[in-house]
Amino acid sequence: TDCDGARLAPLARAVRLPLPRLAKRGFDTEPTIDAFAQASVGTADELFAVLKWHGRGAEIARDILPEIASRLSFLREVGLDYLQLGRAVTTLSGGEAQRIRLAAQLGSNLSGVLYVLDEPTIGLHPRDNQQLLGALKQLRSRGNSVVVVEHDEDTMARADHIIDLGPGAGVEGGQVVAVGSLKQILRNKKSLTGIELARQHDRGQALGQARPTSPPLTRRGASLKNKTSSLIFRRLCKNNLKNISVAVPLGRFTVVTGVSGSGKSTLVRECILPAVRADIKARRKKTIDGIEQVKAVHEVDQSPIGRTPRSVPATYVGFFDTIRQLFAQVPESRMRGFGPARFSFNSTQGRCPECKGAGTVKLEMNFLPPAFMTCETCEGNRYSPEVLDIVYNGKTIAEVLELSVNEAAEFFGAIPKIHRALKALKDTGLGYLKLGQTSPTLSGGEAQRVRLVTHLLSGLSESNRLKADSKKTLFLLEEPTIGLHMADVRRLVGVLQRLVDGGHTVLVIEHNLDLIAAADWVIDLGPEGGKAGGQIIAQGTPTEIAKAKGSHTGCFLKRFFG
Numbered sequence: 056t057d058c059d060g061a062r063l064a065p066l067a068r069a070v071r072l073p074l075p076r077l078a079k080r081g082f083d084t085e086p087t088i089d090a091f092a093q094a095s096v097g098t099a100d101e102l103f104a105v106l107k108w109h110g111r112g113a114e115i116a117r118d119i120l121p122e123i124a125s126r127l128s129f130l131r132e133v134g135l136d137y138l139q140l141g142r143a144v145t146t147l148s149g150g151e152a153q154r155i156r157l158a159a160q161l162g163s164n165l166s167g168v169l170y171v172l173d174e175p176t177i178g179l180h181p182r183d184n185q186q187l188l189g190a191l192k193q194l195r196s197r198g199n200s201v202v203v204v205e206h207d208e209d210t211m212a213r214a215d216h217i218i219d220l221g222p223g224a225g226v227e228g229g230q231v232v233a234v235g236s237l238k239q240i241l242r243n244k245k246s247l248t249g250i251e252l253a254r255q256h257d258r259g260q261a262l263g264q265a266r267p268t269s270p271p272l273t274r275r276g277a278s279l280k281n282k283t284s285s286l287i288f289r290r291l292c293k294n295n296l297k298n299i300s301v302a303v304p305l306g307r308f309t310v311v312t313g314v315s316g317s318g319k320s321t322l323v324r325e326c327i328l329p330a331v332r333a334d335i336k337a338r339r340k341k342t343i344d345g346i347e348q349v350k351a352v353h354e355v356d357q358s359p360i361g362r363t364p365r366s367v368p369a370t371y372v373g374f375f376d377t378i379r380q381l382f383a384q385v386p387e388s389r390m391r392g393f394g395p396a397r398f399s400f401n402s403t404q405g406r407c408p409e410c411k412g413a414g415t416v417k418l419e420m421n422f423l424p425p426a427f428m429t430c431e432t433c434e435g436n437r438y439s440p441e442v443l444d445i446v447y448n449g450k451t452i453a454e455v456l457e458l459s460v461n462e463a464a465e466f467f468g469a470i471p472k473i474h475r476a477l478k479a480l481k482d483t484g485l486g487y488l489k490l491g492q493t494s495p496t497l498s499g500g501e502a503q504r505v506r507l508v509t510h511l512l513s514g515l516s517e518s519n520r521l522k523a524d525s526k527k528t529l530f531l532l533e534e535p536t537i538g539l540h541m542a543d544v545r546r547l548v549g550v551l552q553r554l555v556d557g558g559h560t561v562l563v564i565e566h567n568l569d570l571i572a573a574a575d576w577v578i579d580l581g582p583e584g585g586k587a588g589g590q591i592i593a594q595g596t597p598t599e600i601a602k603a604k605g606s607h608t609g610c611f612l613k614r615f616f617g
């Protein structure tokens, strides 16, 4: 209440900087420092590019202004002109934080440095990719080496050298499959990357050429002109949204697109999600048209599915209960009186007494972060020796947890309840995960897909039980293609389509053109990021968006469809 969120003492807030004739750039004629903190990078850059003082003021600002202007320019070059200068770092996405560090390196003017980037295009619209790639080329031109882990096609097209690993994922990978230029990768028939690019580009043409495949001619009748029932949200004006109204078709696959900072997350996560939750919870007063057709809403985000080693994919998805029941039915288990609880590493009955089922022991270190060591008693197996004596189909419970999803799908092929869950994990591109892999080691994209599989299994089984029930679930996802190879994106699209085929509604924030092209309906925000965004530029089927004037997404979809 004292500083109104400015975080500064009264003395600091009292200092004003005279800016004659510059109020039209979005500032008062004498702004305080917290007014600058509320400005976007783009607005501040435009101001400092023309800001001049005379006399003593010019002497003071001589060395300061160029430094400020250059740093703001570097932030714009990596596509962050929409960010507020005073925005809290904890609210930044991983991609934004990585690009801020990249901008800092651009300003350092170093040479002879090896830079390693892990998927810098995360959260970037294809339009913004070009700015980022330009920044990477600047680093290279100064005599630096740049190594990028990436799935983005444009990044591969600009690369001087490509190293393709595979041939599969997890235990099936770890080999160098192809090395060389893009043309060499495309010609290599062992490279899944080359095969996917050749499939998408006629006879392995260079990237950037039009895809020969035409867009789907028939969709699920997503057009609102066909009187599809919709959820209608009116007068949305949070953050940079300009008092917009949005209609989300029910029982359809809808994608929200737009350049970085255009208001996509604000629309979906801060407006639609809380409004739907509130209306479902309310008994009488409803604010959203069509909400009576929705019984639940699930946000499938990228937060960790567990924060301790006790959480693993097998327990989170839920099929580990069935596995424990199988081990409890082994004759040796029945002779010893072992029930399913005996095979849980979270139960005192069968877990290792030393590590308490974690498989590791935590060592507290003075003045250093705690260290984790493999338990010497169970050697990381989590269980007591008595439990490890029980064998099902040639494997102990600890050996089953060491199986990858692909291996487990074959091992439990005759058990429908387990096989169905494992197949769903495979379909989302997670066949390489181990059943007992600890949740804290999963990436955000992996955690999101594990969570999606859980909803998929419950949603489809619920649809089978309640076929007569017209009420369905609304699923919200933000960039589920993060960390996915092109082949895995196609699998993910198939999983999302299965949810929609089950009668549910899927709403996704996404930049990936393959996923956008597969949608029934697209809501495109823009035209730019920050204050220049927050408007609906176009909405319709992907082919209609490709024809929309003023839509950056439409420009790239047009090239995508050829």
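Numbering-wise (the numbering used here), the sequence shown opens with residue 56 and increments by one. Note that beta-carbon positions come from the ideal geometry of N, C-alpha and C, so glycine has one too. Please read these numbers as outputs of a predicted model, since none were measured by experiment.
*What's the gap between the Cα of A233 and the Cα of I250?*
12 Å
*For P566, which residues of its own chain have a beta-carbon under 6 Å away from its beta-carbon, when the five flanking residues on both sides are left out?*
Reading off the sequence, residue 566 comes out as His, not Pro. Counting only Cβ-Cβ distances below 6 Å, and skipping sequence neighbours, we find H180.
*Within the chosen definition, does the region 430-437 reach the region 404-412 through at least 3 CB pairs nearer than 8 Å?*
yes
_Restricting to Cα atoms, I'd like to know which of G345, Q139, L220 and E205 is closest to L539._
E205
*By Cβ distance, which residues of its chain are closer than 7 Å to L72, with the 5 residues on each side in sequence left out?*
E85 and P86
*Measure the Cβ-Cβ separation of V537 and I177 and say whether it is below 8 Å.*
Residue 537 is actually Ile in this sequence, not Val. Their beta carbons are under 8 Å apart, which means I537 touches I177 by this criterion.
*the region 156-168 contacting the region 119-132, beta-carbon criterion three pairs below 8 Å*: yes
_First through last residue of the beta strand (DSSP E) which encompasses M420_ = Looking at the DSSP string, M420 is not in any beta strand (DSSP E), and its letter there is neither H nor E.
*Return the chain-ordered ranges of every beta strand (DSSP E) run that is complete within the region 305-357 and spans a minimum of 3 residues.*
308-312 and 349-355
*asked:* Could you check whether the region 479-493 touches the region 219-230, counting it as contact only if at least three pairs of C-beta atoms, one from each stretch, sit closer than 8 Å?
replied: yes
*A67, DSSP secondary structure in three states*: helix
*asked:* Three or more C-beta pairs under 8 Å: does that hold for the region 438-456 against the region 318-330?
replied: no
*asked:* For the pair the region 350-367 and the region 595-608, tell me if three or more CB-CB distances fall below 8 Å.
replied: no
*Is the Cβ of E441 closer than 8 Å to any Cβ of chain D?*
Included in the structure is just one protein chain, with no chain D present.
*Would you mind reading off the limits of the beta strand (DSSP E) that contains K527?*
K527 to E533
*Could you tell me the boundaries of the beta strand (DSSP E) in which Q380 lies?*
It is not in any beta strand (DSSP E) - Q380 instead sits in the alpha helix (DSSP H) that spans F375 to A383.
_Length of the line joining the Cα atoms of C58 and V555_ = 48 Å
*Assign Y371 to one of three DSSP states: helix, strand, or coil.*
helix
*Nonlocal neighbours in the same chain, by C-beta distance under 7 Å from K417, ignoring five residues either side*: P425 and F427
*asked:* Please list the terminal residues of the continuous beta strand (DSSP E) segment that includes V204.
replied: S200 to V204
*Should the region 236-248 be regarded as contacting the region 208-226, the criterion being three or more beta carbon pairs within less than 8 Å?*
yes
_For I378 and R614, I'd like the C-alpha separation in whole angstroms._
49 Å
*In the structure shown, what three-state DSSP assignment does L138 receive?*
coil
*Could you tell me whether the Cβ atoms of G405 and Y438 are closer together than 8 Å?*
yes
_Taking the alpha helix (DSSP H) that I571 belongs to, which residues open and close that run?_
L568 to A572
*For Q260, does the three-state DSSP call read helix, strand or coil?*
Because Q260 sits at a pLDDT of 40, beneath the cut-off of 50, its placement in the model cannot be relied upon, and the point is left open.
*May I ask you to report which of helix, strand or coil DSSP gives A469?*
coil
*In its own chain, which residues sit with a C-beta less than 8 Å from the C-beta of F374, not counting the 5 before and 5 after it?*
K472, I473, A476 and L477
_Tell me the DSSP secondary structure of F427 in three-state form._
strand
*asked:* Measuring alpha carbon to alpha carbon, tell me which residue in L191, V301 and G345 is nearest A593.
replied: V301
_Close Cβ partners of R213 (< 6 Å) along its chain, the five nearest in sequence each way excluded_ = L188
*Of all the options L120, E114, A92 and V96, which has the alpha carbon lying nearest to the alpha carbon of V105?*
L120
*Straight-line CA distance for L512 to Q380?*
20 Å
*How many Å lie between K341 and D334 at the Cα?*
6 Å
*Check each candidate in I299, T309 and K107 and name the one with the smallest Cα separation from L74.*
K107
*DSSP on T176, reduced to helix/strand/coil?*
coil
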